[in-house]
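Quick note, this note's numbering runs 13 ahead of the 1-based positions in the sequence shown. Positions of the beta carbon are idealized from the N, C-alpha and C atoms, including for glycine.
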Amino acid sequence: MIYPYQRVMIIGSPGSGKSTFARALHRLTDLPLIYLDRLFWRADKTTLSREEFVSELQRVLSGERWIIDGNYSFTMELRLQRADQVIFLDYPADICLDGIRKRRNQPREDMPWIETEEDPAFMDFVRNFTQDRRPKILALLAKYPDTAVTAFHTRDEADAYLQKWVDGQK
């Protein structure tokens, strides 16, 4: 079974497993995988300017095939204009907070450094993501009715979706 989408945007709260899901989908589809965190952050924890980041992102978006992992709300609409599928990992805060705690002190393909400490402000951002960010995301998605949106509310739902494509390839 051939995956029907060529430009896939994966969004969700930090800790929801966007990068893990993106890697699994990449392995199934062979679509090029782009981590927004890798585009935005440097190894010394400095960032590109917004202008540089948007320029790099536009270069990536000009491609016909990709999976883009990350939120970066100031670029979400730019990505939506090109995406043919959005996968929204719409999980409760406790799942995401647990995901962040589990990845501490672990090397990550999507980040140029290893997180060693808990950042209270970041944890508050995640705690409030559903209340603060989710309504804005849903409003933006509603502006693009021709873009397929696949939302998962549990890790099991996301895993089942991936398994469906694995089973279809056998």
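First and last residue of the uninterrupted beta strand (DSSP E) at residue i
{"i": "residue 102", "result": "98–102"}
{"i": "residue 48", "result": "46–48"}
{"i": "residue 161", "result": "161–165"}
{"i": "residue 82", "result": "79–82"}
Close-in-space but distant-in-sequence residues of the same chain around residue i (CB under 6 Å, 5 per side omitted)
{"i": "residue 93", "result": "157"}
{"i": "residue 178", "result": "41"}
{"i": "residue 21", "result": "80 and 98"}
{"i": "residue 161", "result": "98"}
{"i": "residue 96", "result": "20, 22 and 160"}
{"i": "residue 26", "result": "109, 139 and 142"}
Contact under 8 Å by Cβ, residue i with residue j
{"i": "residue 34", "j": "residue 85", "result": "no"}
{"i": "residue 102", "j": "residue 139", "result": "no"}
{"i": "residue 82", "j": "residue 44", "result": "no"}
{"i": "residue 128", "j": "residue 114", "result": "no"}
{"i": "residue 163", "j": "residue 100", "result": "yes"}
Residue environment, residue i, which counts as buried when at least 16 other CB atoms sit within 10 Å
{"i": "residue 75", "result": "exposed"}
{"i": "residue 149", "result": "exposed"}
{"i": "residue 29", "result": "buried"}
{"i": "residue 171", "result": "buried"}
Residues near residue i in its chain [Cβ-Cβ closer than 7 Å; skip 5 each side]
{"i": "residue 70", "result": "52, 88 and 91"}
Residue i: first and last residue of the uninterrupted alpha helix (DSSP H) it sits in
{"i": "residue 37", "result": "31–42"}
{"i": "residue 112", "result": "106–116"}
Sequence-distant residues of its chain with Cβ nearer than 8 Å to residue i (five each side left out)
{"i": "residue 183", "result": "Because the pLDDT of residue 183 is 48, which lies under 50, any placement of that residue in the model is unreliable, and the number read from its coordinates should be weighed accordingly. Closer than 8 Å at Cβ, skipping near neighbours: no residue."}
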